[in-house]
Amino acid sequence: MKKKLSPYSLFDVFTAVVTLIVVAFISAAILSILIKGFPYLGEAFFSEEVRFAVKLSLYTASISTFVCFVLAVPTAYSLTRGTFPFKKIAQIIIELPLSMPYLVLGLCLLLIFSSEFGKALRDMGFRVVFDKNGIIMAQTIVNLPYMIRLIKTAFAEVDERLEIIAGMLGASRWKRFLTITLPLARNAVISAVILVWSRGLGEFGATLMVVGATRMKTETLPASIYLNMATGDIGAAMASAIIILLISFVSLFATSRLEGKNLQASRMKDVYWQ
Amino acid sequence: MKKKLSPYSLFDVFTAVVTLIVVAFISAAILSILIKGFPYLGEAFFSEEVRFAVKLSLYTASISTFVCFVLAVPTAYSLTRGTFPFKKIAQIIIELPLSMPYLVLGLCLLLIFSSEFGKALRDMGFRVVFDKNGIIMAQTIVNLPYMIRLIKTAFAEVDERLEIIAGMLGASRWKRFLTITLPLARNAVISAVILVWSRGLGEFGATLMVVGATRMKTETLPASIYLNMATGDIGAAMASAIIILLISFVSLFATSRLEGKNLQASRMKDVYWQ
Amino acid sequence: MAVNPLVEIRDYSLRLGKFKLQPINLMINEGEIFGVLGKTGSGKTVLLESIAGFYRGCSGQIWIQGQDIAEVPLEKRGIGFVYQDFGLFPHMTVADNIGYGLRMQRKEKQTIKDEVNRMAEILAISPILKQYPGTLSGGERQRTAIARALVLNPRILLLDEPFSSLDPATKETMYRQVKEIHQLFGCTILFVTHDFKEAQTMADRIGIMIKGELKSIRRSEELFIRDSDEEVNRFLGLSDRV
Amino acid sequence: MAVNPLVEIRDYSLRLGKFKLQPINLMINEGEIFGVLGKTGSGKTVLLESIAGFYRGCSGQIWIQGQDIAEVPLEKRGIGFVYQDFGLFPHMTVADNIGYGLRMQRKEKQTIKDEVNRMAEILAISPILKQYPGTLSGGERQRTAIARALVLNPRILLLDEPFSSLDPATKETMYRQVKEIHQLFGCTILFVTHDFKEAQTMADRIGIMIKGELKSIRRSEELFIRDSDEEVNRFLGLSDRV
Amino acid sequence: GCGSGPAASPAPAESLSGKSLFVYCGAGMAKPFGEIAEAFKAESGAEVEVVYANAAQIQTQIKTTQEGDLFIAGSVEELNPVKDFVAGSKELVKHIPVLAVKSGNPLKITGLKDLTKKDVEVVLGDAEATPIGKIANKALTDLRVLAEVNVIARTATAPEMITALSVDQCDAIIVWKENVSGSGIEIVNTTDLDAQIKKIPAATLSFGKNTETTAALLKFLDTDQAQNIWAKYGYEVVK
Ligand SMILES: Nc1ncnc2c1ncn2[C@@H]1O[C@H](COP(=O)(O)OP(=O)(O)OP(=O)(O)O)[C@@H](O)[C@H]1O
Ligand SMILES: Nc1ncnc2c1ncn2[C@@H]1O[C@H](COP(=O)(O)OP(=O)(O)OP(=O)(O)O)[C@@H](O)[C@H]1O
Ligand code: MOO
Ligand SMILES: [Mg+2]
Ligand SMILES: [Mg+2]
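Line order of the protein sequences matches chains C, R, S, V and P. Residue numbering for the first sequence follows the working numbering, starting at 40 and increasing by one per position. Residue numbering for the second sequence follows the working numbering, starting at 40 and increasing by one per position. Residue numbering for the third sequence follows the working numbering, starting at 18 and increasing by one per position. Residue numbering for the fourth sequence follows the working numbering, starting at 18 and increasing by one per position. Residue numbering for the fifth sequence follows the working numbering, starting at 7 and increasing by one per position.
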């Protein structure tokens with residue numbers, strides 16, 4: 040009782056061909072990484088420095104994704120459902136960094152956290168510049184506007200009526216949000232988290248500006264790739280890139296199952312159509 | 040008959056406070072750009088080089104967004120509704136570049152377009168390396184996986200049932216897609232286009248690798264910022280950054296009206312709820 | 018018996034797009050069952066939604082137990098609403114839909130389960146408790162929506178064509194069940210229907226809406242008594258009989 | 018009169034989750050109006066959906082004019098379907114919903130407009146043509162769905178409780194209009210209803226479904242004749258009368 | 007500015023344990039300097055933290071944060087943007103610009119003049135943003151051939167030029183000698199660029215707080231051990 044491909048559907052053929060082109064293009068890119076990096080992969084696996092970079096990348100990307108999530112969800116909610124003055128301008132301000140080169144965003148962070156305010160923070164023990172925290176900050180400022188926009192779009196698509204109905208059944212606004220809005224926006228939110236985490240893993244434009252790359256201290260995988268490329272060691276750089284690919288592959292594989300589980304079962308799932 | 044903020048809703052206060060924090064954080068970043076760059080803005084406006092960079096940035100970002108759109112829409116459709124072998128693996132391959140540092144993606148392009156295939160293309164008049172086309176290519180490979188994932192998520196949320204109903208009313212698959220799926224995913228698609236265009240405007244990691252930064256030839260605004268920073272000219276760099284901010288502001292303002300127009304009017308729009 | 022007016026509507030009017038709800042005056046007593054009849058598009062659903070406090074009227078007010086209902090936060094209104102299109106939560110099973118309100122009251126897991134099962138048994142939907150709304154038949158959806166509202170024993174029940182998708186036999190059972198619950202908990206019920214017989218069976222009083230106007234309110238035994246308004250007579254099918 | 022079987026169902030059975038549609042055998046003649054009665058959840062909608070070719074059965078087949086309907090691409094089936102929950106396109110106005118099928122046939126703009134207006138007049142929904150489905154009343158939605166199907170003059174009309182949200186007066190008008198269209202275009206109609214009177218008024222023959230089984234098929238005049246099956250009798254309310 | 011840092015007596019082994027040092031180093035010198043830093047740590051026991059980044063980023067970081075003890079730059083010119091913060095600088099090794107072509111030199115390029123030949127496509131560094139680009143311009147201008155050279159692109163970093171040449175997107179580049187490490191590329195044996203040889207400076211920063219450790223490191227940079235490491239990576243020690 041599965042859907043069946045109509046043998047003559049031009050539309051299907053067209054979309055499949057485009058997909059094939061895209062897959063071929065991206066495969067070529069990935070293949071070029073694999074070819075260049077493969078001979079150096081063994082070496083990279085056993086390098087303590089690379090292992091450190093893997094751990095640091097996973098750590099910072101996860102934390103910054105978490106920070107983005109925690110900030111983006113309430114912000115996205117108040118931008119879609121809330122009514123506060125200057126909402127529209129707040130929205131535009133939040134999205135302005137979307138088109139900023141990451142380098143500039145890094146510089147902004149450097150300026151902010153080198154100011155008196157940043158010095159005060161440092162004295163309180165929260166060091167940003169040249170510190171792990173800086174990596175997290177860099178990834179956060181780069182990704183936060185994305186996450187907010189993605190989740191905002193998702194929340195806007197949720198039928199407000201169901202929230203009202205939940206309210207009538209006794210759900211406080213908080214509960215309505217947790218039991219209706221968020222679950223109904225689930226797939227888009229998961230998608231946003233994956234995108235942001237991936238970008239966190241690959242980001243280094245802003246990071247390099249805020250923390251540079253100190254061996255065994257602030258050297259993430261992309262920073263390690265950057266350093267290797269700067270010293271002409273493309274092989275080692277590509278080996279690190281392969282490691283990112285592997286991490287990415289595993290996490291995409293794992294999350295694709297998460298997303299596939301669509302809770303809104305519909306009788307149309309059994310329908311056979313062309 | 041507008042919604043009213045309940046005076047004691049803690050939830051609203053909480054989300055508003057988080058929004059405020061986010062806005063403050065991002066405003067600080069933007070402010071630091073404005074302060075540094077403002078004195079040099081006039082100069083930048085009259086610089087022929089900056090004007091060239093503005094045009095080139097707008098041109099390449101628009102073209103690459105268009106290319107991404109044209110490739111992403113059919114691909115996203117076939118990944119959500121299509122049934123072809125290796126669908127899952129195709130999906131993962133397409134998303135692998137999400138976590139690649141842009142530098143590496145640029146290198147991949149350089150390798151691909153320096154191969155026999157690339158040389159054949161060049162002989163046919165399609166030059167990529169060190170050419171404007173390279174900028175477009177760089178922005179495309181960076182953004183395509185994003186766009187595909189965003190649009191895929193949007194299509195997956197569209198109720199298949201409405202597509203079936205349209206089919207029963209005589210719509211071919213092609214028409215069903217154009218009249219039902221795409222319009223219903225409208226807001227998310229617009230969102231994806233804005234995100235990708237913005238990123239195109241700000242991207243330079245991959246671009247620098249593929250085309251370098253030749254003044255008045257392949258110098259986009261981010262490249263110009265990079266060059267100015269390398270010359271120690273932070274003021275001029277930030278002036279260019281302000282120009283990106285302005286472009287961004289105008290386009291976000293324009294598109295926010297586009298998106299706000301939600302066609303799916305509902306009677307709940309008039310409902311007054313807290 | 019000194020009955021208190023539980024719902025008090027005073028000169029309430031409303032505009033929605035081109036539709037106008039003409040000023041309405043209506044008192045509904047505690048424990049009463051009030052039926053609303055009317056042509057399609059005449060504003061019956063809007064009236065129910067207004068009583069639930071969904072709209073700020075253009076004029077007038079609606080009080081429930083002396084409170085301006087629109088001022089009460091949604092979750093404190095204590096109104097059970099069965100929506101014409103059910104409004105089930107698509108991401109929850111039937112059981113979770115029915116138990117939703119109880120969960121919001123932080124009832125114990127076991128209590129919720131028992132209550133849901135009891136309600137499901139009454140409405141004969143026990144076999145579908147694990148299904149998602151998307152897979153239900155029309156009548157099953159409707160009964161799920163009814164169960165979700167009834168399980169909370171609200172002081173007021175607003176039912177918008179609650180039995181329209183049910184077969185006659187199931188309808189009969191439903192009438193009995195709702196009346197039983199009404200007697201047990203003494204709740205006040207407003208319901209919309211297109212079925213004159215149903216209105217007479219269930220309601221104490223019946224209101225007739227025509228083009229946004231509540232034209233006539235009468236005791237249900239007197240439903241078919243000719244009115245001074247010709248439109249009401251025509252709606253009741255009394256014009257032909259004359 | 019040599020009537021051809023337009024719809025031919027042979028030993029067709031189906032499983033959906035826990036629900037089983039028992040093997041069905043049914044022939045529906047060209048131009049016939051066939052009513053389906055049955056308890057809620059008994060499989061009436063599933064039967065209609067099957068005739069529309071939505072499912073591949075577990076056994077048996079369904080032919081329409083000799084074609085295995087499930088093999089025909091959706092857009093070539095020529096079946097008008099009024100869904101129980103209407104299935105209107107939320108992003109199109111009522112007018113665009115009704116005109117959708119005509120646009121797909123690349124009819125001229127003016128023709129489409131005229132046809133839509135004509136249909137809207139017949140169903141008394143002209144004033145709401147510019148509204149979006151989200152703002153409509155239940156009955157208005159239903160009539161929009163009916164108009165969207167009727168305007169294409171399909172050879173087969175599948176109507177799933179098409180008049181359930183309408184008041185008696187509007188229903189009467191609808192009966193007349195549908196019958197008129199039926200006579201004019203000679204289409205074949207299958208419709209589901211919970212209203213015995215409606216079934217008798219409209220249908221030539223009536224089928225009674227009980228728990229996934231098409232238990233009895235009878236001419237509509239003979240609806241209330243006792244059956245050998247006690248469940249059918251109970252459903253028809255005949256058990257009590259005995 | 008020349009001269010070495012404040013004089014200090016030779017640090018006995020492990021005498022500096024517990025002390026720390028904060029160094030900026032151009033990314034291009036990450037390998038040799040990283041090794042030197044390790045060696046210094048082992049010898050002195052000091053905690054050396056080296057931040058690697060682009061010269062431009064380092065300059066911004068120095069100006070903005072006003073932190074750090076030492077800046078190992080790609081050339082003396084790179085100290086100009088931060089000259090206000092440089093207390094003193096010391097030349098470490100030669101930074102040698104070279105003309106590089108594809109292995110086997112298919113176009114028979116023997117010197118800068120040959121870059122004007124038809125069909126020779128050249129990629130150079132940006133003339134303002136990169137020292138190596140500046141050098142190339144200067145050398146070509148001195149020979150009065152800059153206008154005739156077919157410069158198809160300018161890049162923002164040296165490694166990009168190497169990559170471009172190694173994937174056959176151009177025929178000749180002017181880069182630092184230590185950049186040329188991969189196969190497929192060879193250095194043209196010419197003296198045309200000898201006049202442009204620069205020195206890699208170690209600049210002491212004025213706000214440095216770890217003067218003792220800084221002095222020790224500067225001293226260590228003079229040892230054979232340090233100079234051998236430089237040599238291993240293709241740098242020539244300043245005699
Ligand atoms: N937000 C809105 N914008 C425009 N028109 C609206 C809106 N809400 C309701 N209407 C119109 O108000 C009228 C009354 O709607 P209502 O749903 O109350 O009708 P009803 O009496 O419940 O009809 P039915 O029996 O068909 O459900 C309808 O004509 C509807 O189109
Ligand atoms: N995809 C599915 N998965 C599980 N159960 C299903 C699915 N589709 C239908 N059912 C079940 O099949 C039964 C018959 O459904 P159907 O919609 O045909 O009932 P119906 O006779 O139209 O009832 P009603 O009068 O209430 O509309 C229902 O109990 C329903 O829950
Ligand atoms: O020291 Mo650099 O910034 O790699 O030329
Ligand atoms: Mg209604
Ligand atoms: Mg049904």
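C-beta atoms are modelled at their ideal positions from N, C-alpha and C, and glycine is treated no differently.
Annotation: A52 (chain P) to L227 (chain P) spans about 15 Å, alpha carbon to alpha carbon.
Bounds of the alpha helix (DSSP H) holding E138 (chain V) are K126 to I139. Within the region 234–259 of chain C, contact with chain P at the beta-carbon level (separation under 9 Å) is assigned to L247, M248, V249, V250, G251, A252, T253, R254, K256, T257 and E258. Bounds of any alpha helix (DSSP H) do not take in R236 (chain S); it lies within the beta strand (DSSP E) bounded by E230 to R236. DSSP places Q122 (chain S) outside both helix and strand once states are collapsed to three, so it counts as coil. In this structure, S59 (chain V) has its beta carbon less than 7 Å from a heavy atom of ligand 2. Put simply, the CB of R160 (chain P) is near chain R, with a gap under 8 Å to one of its CB atoms. With contacts defined as CB atoms closer than 8 Å, I225 (chain S) and G55 (chain S) qualify as a contacting pair. E242 (chain R) sits in coil when the DSSP states are folded into three classes, being neither helix nor strand. Counted as a single uninterrupted DSSP element, the alpha helix (DSSP H) harbouring Q63 (chain P) occupies residues A61 to T71.
Taken through DSSP and simplified to helix, strand or coil, S30 (chain V) comes out as strand. Residue pairing by DSSP places Y30 (chain P) opposite P:V57 and P:F77 in a beta bridge. DSSP lists S:P22 as the beta-bridge partner residues of N46 (chain S). Within the same chain, V99, Q233, W236 and A237 come within 7 Å of V243 (chain P) by CB-CB distance, once the 5 residues on both sides are set aside.
Inter-residue distance for L91 (chain S) and Q194 (chain S) is about 27 Å (C-alpha atoms, whole angstroms).
Any Cβ of chain C closer than 8 Å to the Cβ of I96 (chain S) would place that residue at the interface, and such an atom is present. Nearest neighbour of Q122 (chain V) by Cα position, chosen from R:M255, R:R215, R:L284 and R:A278, turns out to be R:R215. Only those residues of the region 159–182 of chain C whose C-beta falls short of 8 Å from the nearest C-beta of chain P are listed: V168 and F169.
Looking at S:K37, S:T62, S:E49 and S:L255, the one whose alpha-carbon comes closest to that of S76 (chain S) is S:K37. For A220 (chain V), same chain residues with a beta-carbon under 8 Å away, outside a window of 5 residues either side, are I50, F51, G52, F208 and S237 in chain order. In this structure, S103 (chain R) lies away from T218 (chain R), with their beta-carbon atoms at least 8 Å apart.
Fewer than three Cβ pairs drawn from the region 249–257 of chain R and the region 48–60 of chain R lie within less than 8 Å of each other, which leaves the two stretches out of contact. Pairing Y79 (chain R) with G271 (chain R) gives a Cβ-Cβ distance that is not under 8 Å. Between R212 (chain C) and F50 (chain R), the gap from beta carbon to beta carbon is short of 8 Å. Take the alpha-carbon of G60 (chain V) and the one of I173 (chain V): they are about 20 Å apart.
About 6 Å separates the beta carbons of A83 (chain R) and I282 (chain R), which is inside the 8 Å limit, making them a contact pair. Within the region 171–189 of chain V, the residues whose Cβ lies closer than 7 Å to any Cβ of chain S are, in chain order, E178, S181, S182, L183, D184, P185, A186 and T187. Excluding five sequence positions before and after D244 (chain V), the CB atoms of its chain that fall closer than 6 Å to its own CB belong to S233 and N250, given in chain order. Taking a contact to require three or more Cβ pairs closer than 8 Å, the region 102–115 of chain V and the region 79–87 of chain V do not qualify as touching. The alpha helix (DSSP H) runs of length 4 or more contained entirely in the region 111–198 of chain P are, from start to end of the chain, 137–148 and 164–172. The alpha carbon of S30 (chain S) has as its nearest neighbour, out of S:P171, S:I45, S:Q78 and S:T57, the alpha carbon of S:Q78. Here L54 (chain S) carries a strand assignment [DSSP, helix/strand/coil]. Contact check between the region 137–151 of chain C and the region 242–253 of chain C: three or more CB pairs, one atom from each, fall below 8 Å, which counts as touching.
Close CB contacts of L95 (chain C) within its chain, under the 6 Å cut and outside five residues either way in sequence, are with T259 (chain order). At least one C-beta of chain V is nearer than 8 Å to the C-beta of E157 (chain S).
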